[in-house]
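A.B. asks: This structure is in C-alpha cells; I'll ask about it shortly.
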Amino acid sequence: MKKRLLYLILSLTLLIAVCIPTTVAWFMRGDRTDMTLELLEINSLVTLYRANDGNLNGVPDLAPSSVAMKYYTELYDFVDPVSDYAQSADAIPTEVKMKLEMPAFLPGSAYTFKFAIENNSDADNLIRLEMDANDATDSSGGALLRALSVRAVEILRPDGEGNYRLDYENSRKVYLADAGTGSITEVFSSVLPGVVSAQKNGDPTVNCRDYWLIVTLEPRETVNAHIRSLNTEREAAGEPLLDEIDEATYNALAGQTLTGLGFRLVFDVTSDLIHAN
0 MKKRLLYLIL SLTLLIAVCI PTTVAWFMRG DRTDMTLELL EINSLVTLYR
50 ANDGNLNGVP DLAPSSVAMK YYTELYDFVD PVSDYAQSAD AIPTEVKMKL
100 EMPAFLPGSA YTFKFAIENN SDADNLIRLE MDANDATDSS GGALLRALSV
150 RAVEILRPDG EGNYRLDYEN SRKVYLADAG TGSITEVFSS VLPGVVSAQK
200 NGDPTVNCRD YWLIVTLEPR ETVNAHIRSL NTEREAAGEP LLDEIDEATY
250 NALAGQTLTG LGFRLVFDVT SDLIHAN
C-alpha cells in the first residue's frame, strides 16, 4: 500500500514537472508573436432634425408623445429627419455636409435643429463641427449673417431620475461675423468613442451623441459688443476692421431669410496603429 502511494506521488510530481515548462514555453512564444491591430475605419451615421418651435425662442415645442433615442427619451418635437453616412476604410478625414434654411427671422428669434451621431466603427473618432457661410443666401445682403450666432449644445446622459439635460455650460457661442470670406469657423470638436470603447465600457450607447444646433439673431448691442472685441484682435493683426450694425440696418432684419448656411461634421480616426513585437 505504501509502495503504491509512493508511486502515485512520484508520478504526479513527474507530470507537474513536464507540464510546467510546456505551459511557460507557450506563453513565451505568444509574447514573441508579431501582432498588428489596425483601427483605421470611419463608419458613422448622422441624422439631422428640424425643431417645431412656434415662438422661435430656441426651445422646441413639446412632442405629442415622447420618442426613444439611443441614450435618452426625446420630449421635444423634432421632425423631418434626414440621414447621411460618413464612411471610409482609410485614415482619411471624412465629412457629412448639412444645409440649413431659416425663414423670417425676428430680433431675438432662434431656429433650433438637432443632429444625432452614431459611431459604428471600431475606432474612436475625432468629430469636428465646422460652419461655412460662403454659399449662404442672405436676403438682407449680408447684414443678417453678421448678426447671427451659432451654438451646438450636447444632450447629456440622463441623471438618476432620467431627466433631459443640455450642456449649455460647456457649449461655445460662435458668431458668423467671425467667419471671413473663404474661411471655415469651428463650432466644436470632441472625441466620439467607437464600438470597441462601448464594449469596454459595458454601455452600447456610449458611441452615440446628440446635439441641439441653435442659430440666433442676437440683440444689436450684443452683436456690436462682439464686433468691437473682434476688431481689437483684427487691429492688432493688421486686418481690416468690421463695421458695427446701426439701428436702422438692424431693424430692417425683421422678416429676412437665410438659406444654404453650411455645416459639416468632419470625422477623423484618433487611434494609431498598434504594433506589438
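Here the sequence shown stands for residues 0 to 276, numbered as in numbering that gives the first Met the number 0. Don't be surprised by glycine CBs; every beta carbon is placed ideally from N, CA and C.
(1) Is residue 220 near the ligand ATP, in the sense that its beta carbon is under 7 Å from a heavy atom of that ligand?
(2) Pull up the distance between the alpha-carbon of residue 281 and that of residue 72, whole angstroms please.
(3) Rounded to the nearest angstrom, what separates residue 56 and residue 47 at their Cα positions?
(4) Just to confirm my understanding: we take residue 59, look at its own chain, exclude 5 residues before and 5 after, and list those with CB closer than 7 Å. What are they?
(5) From 161, 157 and 150, pick the residue whose C-alpha is nearest to that of residue 168; which is it?
(6) Can you pull the DSSP bridge partners for residue 115?
(7) What residues match up with residue 215 in a beta bridge as DSSP calls it?
(8) If contacts are defined as beta-carbon pairs under 8 Å, then residue 264 and residue 116 qualify, I think. What distance do you get, rounded to the angstrom?
(9) Just to confirm the assignment, what range does the alpha helix (DSSP H) spanning residue 247 have?
(10) Give every residue of the same chain whose Cβ lies closer than 6 Å to the Cβ of residue 177, excluding the five residues on either side of it in the sequence, and list them in chain order.
(11) Closest to residue 173 by C-alpha separation, out of 135, 198 and 128, would be which residue?
(12) Below 8 Å on the Cβ atoms is my guess for residue 175 versus residue 252; work out the distance and round it to an integer in Å.
(13) Between the Cα of residue 226 and those of 119, 145, 247 and 67, spot the shortest distance and give me the residue it belongs to.
(14) Looking at the structure shown, is residue 189 part of a helix, part of a strand, or coil, going by DSSP?
(15) Mark residue 217 as exposed unless 16 or more other C-beta atoms lie within 10 angstroms of its C-beta, in which case mark it buried.
(16) Using C-beta distances below 7 Å, list every residue in its chain close to residue 70, excluding the 5 sequence neighbours before and after it, in chain order.
(17) Can you check whether the CB of residue 99 is closer than 8 Å to the CB of residue 260?
(18) Among all the DSSP beta bridges, which residues are the ones paired with residue 240?
(19) Could you work out which residue in 199, 220, 108 and 256 is closest to residue 244 when comparing CA atoms only?
(20) Determine the contact status of residue 188 and residue 125, defining contact as a CB-CB distance below 8 Å.
(21) Just to confirm my understanding: we take residue 200, look at its own chain, exclude 5 residues before and 5 after, and list those with CB closer than 8 Å. What are they?
(22) How big is the Cα-Cα spacing for residue 119 and residue 230?
(23) So what does DSSP say about residue 197, is it helix, strand or coil?
(24) What did DSSP end up calling residue 220 once you bin it into helix, strand or coil?
(25) What is the DSSP secondary structure of residue 168, counted as helix, strand or coil?
(26) Quick one: what's got a C-beta closer than 8 Å to residue 233's C-beta in the same chain, skipping five residues either side?
(27) What did DSSP end up calling residue 76 once you bin it into helix, strand or coil?
(28) Along the chain, where does the beta strand (DSSP E) that runs through residue 95 open and close?
(29) Any idea if residue 222 is buried or exposed, counting beta-carbon neighbours within 10 angstroms, 16 or more meaning buried?
C.D. replies: Short version:
(1) Looking for the ligand ATP in the displayed structure turns up nothing, as the structure carries no ligands at all.
(2) Lying before the first or after the last residue shown, residue 281 is absent from the chain, which here runs from 0 to 276.
(3) In the sequence shown, counting from the first residue as 1, residue 56 sits at position 57. In the sequence shown, counting from the first residue as 1, residue 47 sits at position 48. Answer to the nearest angstrom: the Cα atoms are 20 Å apart.
(4) The residue given as residue 59 occupies position 60 in the sequence shown. Around residue 59: 50, 51, 52, 75, 76, 77 and 111.
(5) On the sequence shown, position 169 is the one that residue 168 refers to. When C-alpha distances from residue 168 are compared across 161, 157 and 150, the shortest belongs to 150.
(6) The residue given as residue 115 occupies position 116 in the sequence shown. Checking the DSSP bridge columns, you'll see residue 115 partnered with 46 and 209.
(7) Taking the sequence shown and counting its residues from 1, one reaches residue 215 at position 216. Beta-bridge pairing links residue 215 to 109 and 148.
(8) As a working note, residue 264 is residue 265 in the sequence shown. As a working note, residue 116 is residue 117 in the sequence shown. Residue 264 to residue 116, Cβ: 7 Å. Contact.
(9) Within the sequence shown, numbered from 1, the residue matching residue 247 stands at position 248. From DSSP, the alpha helix (DSSP H) with residue 247 extends over 246-250.
(10) If you number the sequence shown from 1, residue 177 lands on position 178. The residues 184, in chain order, have a CB closer than 6 Å to that of residue 177 in the same chain once the five nearest residues on each side in sequence are set aside.
(11) Here residue 173 refers to the residue found at position 174 of the sequence shown. For residue 173, the closest alpha carbon among the candidates 135, 198 and 128 is that of 128.
(12) Taking the sequence shown and counting its residues from 1, one reaches residue 175 at position 176. Taking the sequence shown and counting its residues from 1, one reaches residue 252 at position 253. With 8 Å as the limit, residue 175 and residue 252 do not qualify as a contact, their Cβ atoms being about 13 Å apart.
(13) Your numbering for residue 226 matches position 227 in the sequence shown. Among 119, 145, 247 and 67, the Cα nearest to that of residue 226 belongs to 145.
(14) In the sequence shown, counting from the first residue as 1, residue 189 sits at position 190. Strand at residue 189.
(15) By 1-based counting over the sequence shown, the position of residue 217 is 218. Result: buried.
(16) Reading the sequence shown from its first residue, position 71 is the one you call residue 70. Contacts found: 156, 204 and 207.
(17) The sequence position of residue 260 within the sequence shown is 261, counting from 1. The sequence position of residue 99 within the sequence shown is 100, counting from 1. For residue 260 and residue 99, yes; Cβs fall inside 8 Å.
(18) Position 241 of the sequence shown holds residue 240. Looking at the DSSP output, residue 240 bridges to nothing.
(19) Mapped onto the sequence shown, residue 244 falls at position 245. It is 220 whose Cα lies nearest to the Cα of residue 244.
(20) The residue given as residue 188 occupies position 189 in the sequence shown. The residue given as residue 125 occupies position 126 in the sequence shown. It is a contact, given that the beta carbons lie within the stated cut-off.
(21) Counting from 1 along the sequence shown, the entry for residue 200 is found at position 201. Excluding positions up to five away in sequence, the list reads 192.
(22) For the purposes of this step, residue 119 is identified with residue 120 of the sequence shown, where counting begins at 1. For the purposes of this step, residue 230 is identified with residue 231 of the sequence shown, where counting begins at 1. Distance between the alpha carbons of residue 119 and residue 230: 43 Å.
(23) The residue labelled residue 197 in the question sits at position 198 within the sequence shown. If DSSP states are grouped into helix, strand and coil, residue 197 belongs with the helices.
(24) Counted from its first residue, the sequence shown places residue 220 at position 221. Helix at residue 220.
(25) Here the question's residue 168 lines up with position 169 in the sequence shown. Coil, per DSSP.
(26) Counting from one through the sequence shown, the residue named residue 233 turns up at place 234. Within the same chain, residue 233 has close Cβ partners 239, 240 and 241.
(27) As a position in the sequence shown, residue 76 is number 77, starting the count at 1. The answer is coil: DSSP assigns residue 76 none of H, G, I, E or B.
(28) Here residue 95 corresponds to residue number 96 of the sequence shown, with the count starting at 1. Judged by DSSP secondary structure, residue 95 falls within the beta strand (DSSP E) whose first and last residues are 93-101.
(29) For the purposes of this step, residue 222 is taken as the residue at position 223 of the sequence shown. So residue 222 counts as buried.
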